[in-house]
Amino acid sequence: MNHDSGAIDRDLAAAIAVTRFGLGAKPGELLTARDDAQAWLLAQIRPALGADQPMTPAPDAAQRLLEFRTYQRDKRAAEMAHQDFDPVKVVGKLIRDDAGQDFLTRTQLAATTDAAFRERWTLFWCNHFTVSAAKAQVATLVGPFEDDAIRPHVFGRFEDMLVASSSHPAMLLYLDQAQSIGPDTMAATFLSRTGKKAGLNENLAREIMELHTVGVEAGYSQADVTEFARAMTGWSIGGLQEPDAGKFRFRPAAHEPGVRTIMGKTYAQGGIEQAHAVMKDLAASPHTAHHISLKLARHFVADEPPPALVATLQRTFQGTGGDLGEVAKTLVLAPEAWSPQAVKFKTPYEFLVSAWRAASVSPDTLQQVGILNALGQKPFSAPSPKGWPEDAETWCAPDALIKRMAWTQNLAAQSLNGRDPVQMAHDALGARLTPLVATAIERAETREEGLAILLMSPEFQRR
Amino acid sequence: MTAKSMSGAPLAALSRRHALAGALGLGLSVEFLGRNAFAAADGAAATRKLIVIICRGGMDGLSVSPPVGDRNYAGLRGSIAIPGFDSPGGALKLDDTFGLHPSLLAVHQLALKGEARIAPSIATPDRERSHFEAQDVLENGQTTPYATDSGWLNRALQAMGPGKVKAISVGATAPLILRGPIEAASWSPGPGVGRDPRLPAILADLYAHDPMLSRALASGLATEAMAKLASSDASSALTAITAGPNDTLANMAGANGGRDMTGQADAGGAALRPLLRQGLPVARQLGATLAGFMIQPDGPQLAAVSIDGFDTHANQGSTQGQLATRLAYLDATLDGIAKGMGPAWKDTAVVVVTEFGRTARINGTNGTDHGTASTALLLGGALKKGGIVGDWPTLADAKLFENRDTAPTMDMRGLFKGLLVGQFGMDRRALDTAVFPGSESISPTEGVVA
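First to last, the sequence lines map onto chains A and B.
Every letter in the first sequence is one number past the one before it in the working numbering, and letter 321, counting from 1, is 321.
So the number in the working numbering is just where the residue sits in the second sequence, counting from 1, plus 1000.
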């Protein structure tokens, strides 16, 4: 340990590193972390490469979007020709084949990776910049969004991830930016002449301010949101017949002309660079540094995190201009992040991934991740732009706990293959295994029961 | 899960399996709320029950309660119009204008007794025609989506008196309508506690020093035990049902075999067909199980149920087909609730709502697109007898909302308020400010509850 250790020994440090910062121990992983737990974590931070990519080659967002657009066009054509066309069936197939595979591959990466801190850090950002398959037209783009807009930037500058996310077709569609048109533009005049509805859509601008950057407590007004939405007009997606079909496209004809004033600062008239300038300031705002630091501390350490930890992270965020690799290092080195008490309750996804890692299995069918529906965390389908909640109150619901209990018994029955659950408990929890739980596992009537006890123990449910 | 892995009597195991098939195969989930500890001094409110059923996807009100007497109805609807009262297999008559879809046999039986009514042009305050946003508004009780993280049912419980009312949600996690500050226990159909009967006790010991886990486990186990009771009570209630008129309905849907009028397999495809056939008994069982929960001495007084699959853009069907199958499923669920309640039905009100209705005109793919107003169904022995709730704007060209949808004449919040006042005697100020904030101008609909 680099910080004044003494407080916790190497074994406990390894257990915390692997279960709290990582995604739960695979057999043998605690040993690799034991020499120097912090160094083991720091080595997973790689600014140049970013996160791991689940798929090679990565699925192409534009191609996916065009598939969907083609489907919409076919649907319209069938309507004109009064032909039967079953949109549910076609879309169902697109979503199953593409989004389902994306999610499964991403889950396999989590269940097997040697760099689980890197992946947890990445999943935090995927949730921070949520796009959700709850909107059907976005479903096949969630995977590509994470791969293109999030993964390359997780240890880079926050501003770059903000711009990448805000200009990705998935986000432009999910939060209705693609169709937002400045009221005093040629595009608006043209569309109103053809009798089509066209105007400003504030959705993305609002969520960038409220959820992605400064947060509601920054004290901005509705007027600020509207001004930002005006600055963002023109940020759109290329149509089927355009050269950049299915990709980001700035449409000057839809961009509202004029100077904008947002949170007391004025932005000169301009094109695409006007919103860039606003995003640059939003990313650099102390409110953003605080908002992100608080969310990180909540994710990694506690639902009510130590204020000192939040302040430390915030100092690094501000001092480095939002260098996320540096923020990650600060988190790893912060003594407050290493409290022996494990208080975070695993979300359903975290619980499944950690259980698979402990049992050395990787899900190989979509059916195996289907349990996430019953546990309330439907794949790629966060309920709102706010993303999945991360607090214990949400996930430690009575019914969900019963469902976890039933699931662990199935997993144990299917995956144990004669292994000794006592050894598995030591491999999974190391120094965090308490005598009470160890004894309960030893006394289990069957090996399956022993593994179920391990996975349902407070030590395993929390991290 | 196989039946073998389940504990309890064979009958309970069987119904559990049915419930599971219902939840996983057919997209039905049930969420309960409220174990209300009204004291005797609270009078009638102590036994009153309210169930909110949300039909997700935009349920077509013009098919649920077809206005076959409206002169424009048949023309707008073309091949998906429900035939009039005189046609065999056509609409089930309510009054000179309105009928019920022929799949809604049980609802019609109740209507004949004055225990079912319709509100044919009702809408949430949302006008955006997005499922996502409209459902959010329906459940958050506000005028805009994402306005709060809590649902109006939960805030109603809170307003009735925190601590006095306990909440129980059935479903993986609480749906928005009952999310909020009141703590909810939860249950959903599933494999129960699993195959190892020793495990719950072992875990209870291990959780002794972890209050959050230990509370959740105790509550979950208690609910599982109650589910077993509810499910076996429901089974006996259903013995009476199997001889009822709904067997005809089950046969009809069976013969239909999940095919629409054109003979094309519907959206579910061939693989789903056996499940659809099995769907009616499953739905009836689930409704009866829900009722079984609510008639337990400590049972919940409030429940929320979701049924999805109402987004009928193509091949919607008329008296048979995709929508007819969904409505038969809804009808069976309601039938199960009504029969399962037994004597408690007289204290019960059920409201069936959807996030928006569908376009008045048939579209190019024999379906309908996202619209505005739709029909709400009201059922229960607690209802006041009467005709339609709210005004009917008619389907005259000039009356259509934005020249495409049934025009809303009634704000859904008013109906919900009317039910909360009628069933639980809630006061107006709490309804206007806490349950449906900023809704002073929306009066509780009167004359709904007797």
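Ideal Cβ positions, reconstructed from N, Cα and C, are used throughout, including at glycine.
For residue i, which of helix, strand or coil comes out of DSSP?
i       : result
G22/A   : coil
G435/A  : Correcting the residue type first, residue 435/A is Pro in the shown sequence and not Gly. Residue state, collapsed to three classes: helix.
A359/A  : coil
A1291/B : helix
A1123/B : strand
A444/A  : coil
C396/A  : coil
T1097/B : coil
D1411/B : strand
G325/A  : helix
K1339/B : helix
T1359/B : strand
V214/A  : coil
L1395/B : coil
H168/A  : coil
S180/A  : strand
H1313/B : coil
Q137/A  : helix
Taking the alpha-carbon positions, what's the residue i to residue j distance?
i       : j       : result
H426/A  : D35/A   : 17 Å
G387/A  : S381/A  : 9 Å
R1071/B : A1396/B : 8 Å
L30/A   : A1222/B : 38 Å
Q1135/B : T1143/B : 11 Å
D74/A   : T365/A  : 31 Å
D1405/B : F1356/B : 10 Å
A81/A   : R1358/B : 22 Å
G450/A  : F129/A  : 39 Å
H299/A  : I237/A  : 33 Å
G1425/B : G1309/B : 34 Å
G1220/B : G1151/B : 22 Å
M232/A  : D176/A  : 12 Å
G100/A  : T439/A  : 40 Å
P1145/B : V1137/B : 5 Å
F124/A  : R251/A  : 32 Å
G1084/B : T1097/B : 10 Å
L1401/B : T316/A  : Note on residue identity: the sequence assigns Phe, not Leu, to residue 1401/B. C-alpha separation (whole angstroms): 55 Å.
L324/A  : G156/A  : 5 Å
V1064/B : P389/A  : 37 Å
A1052/B : L1290/B : Checking the sequence shown, residue 1052/B turns out to be Val, not Ala. Going by the C-alpha atoms only, they are around 12 Å apart.
F145/A  : Q222/A  : 29 Å
A400/A  : L375/A  : 6 Å
L1377/B : L296/A  : 46 Å
Kindly identify the DSSP beta-bridge partner or partners of residue i.
i       : result
W235/A  : F250/A
L267/A  : Correcting the residue identity first, residue 267/A is Tyr in this sequence and not Leu. Partner(s): R260/A.
F1401/B : D1405/B
I1182/B : According to DSSP, I1182/B bridges with nothing at all.
L1378/B : R1117/B, V1351/B
I1051/B : A1303/B, V1350/B
R157/A  : D323/A
R462/A  : F345/A
L1092/B : L1100/B
M1383/B : With the sequence shown as reference, residue 1383/B is identified as Leu, and Met is not the correct amino acid for it. Answer by DSSP bridge pairing, in chain order: V1449/B.
Please list, in chain order, all residues of the same chain as residue i whose beta carbon is under 6 Å from its beta carbon, the five residues on each side excluded.
i       : result
G22/A   : A116, F117
G321/A  : none
K1346/B : G1381
T105/A  : P54, M55
P306/A  : E336
I1442/B : D1411, R1413, G1414
H290/A  : Q314
Skipping 5 residues on each side, what residues in its chain have a beta carbon closer than 8 Å to that of residue i?
i     : result
D63/A : In the sequence as presented, Asp is not what sits at residue 63/A; that position holds Gln. Counting only Cβ-Cβ distances below 8 Å, and skipping sequence neighbours, we find G246.
Near residue i, what residues of its chain come up, given a Cβ to Cβ distance below 7 Å and the 5 sequence neighbours on each side ignored?
i       : result
R357/A  : L23, G24, A25, K26, A111
Y349/A  : L372, Q377
S362/A  : Q108, A111, T112, W356
H1108/B : L1092, L1100
* Could you give the uninterrupted runs of the alpha helix (DSSP H) lying entirely in the stretch 271 to 313 of chain A, keeping only those of 4 residues or more? -> Those alpha helix (DSSP H) runs which fall completely within the stretch 271 to 313 of chain A and span 4+ residues are 272 to 284, 286 to 300.
* To do: Please specify which runs of the alpha helix (DSSP H), each continuous and at least 4 residues long, are wholly inside the stretch 36 to 74 of chain A, giving them in chain order.
  => Complete alpha helix (DSSP H) runs here, min 4: 37 to 42.
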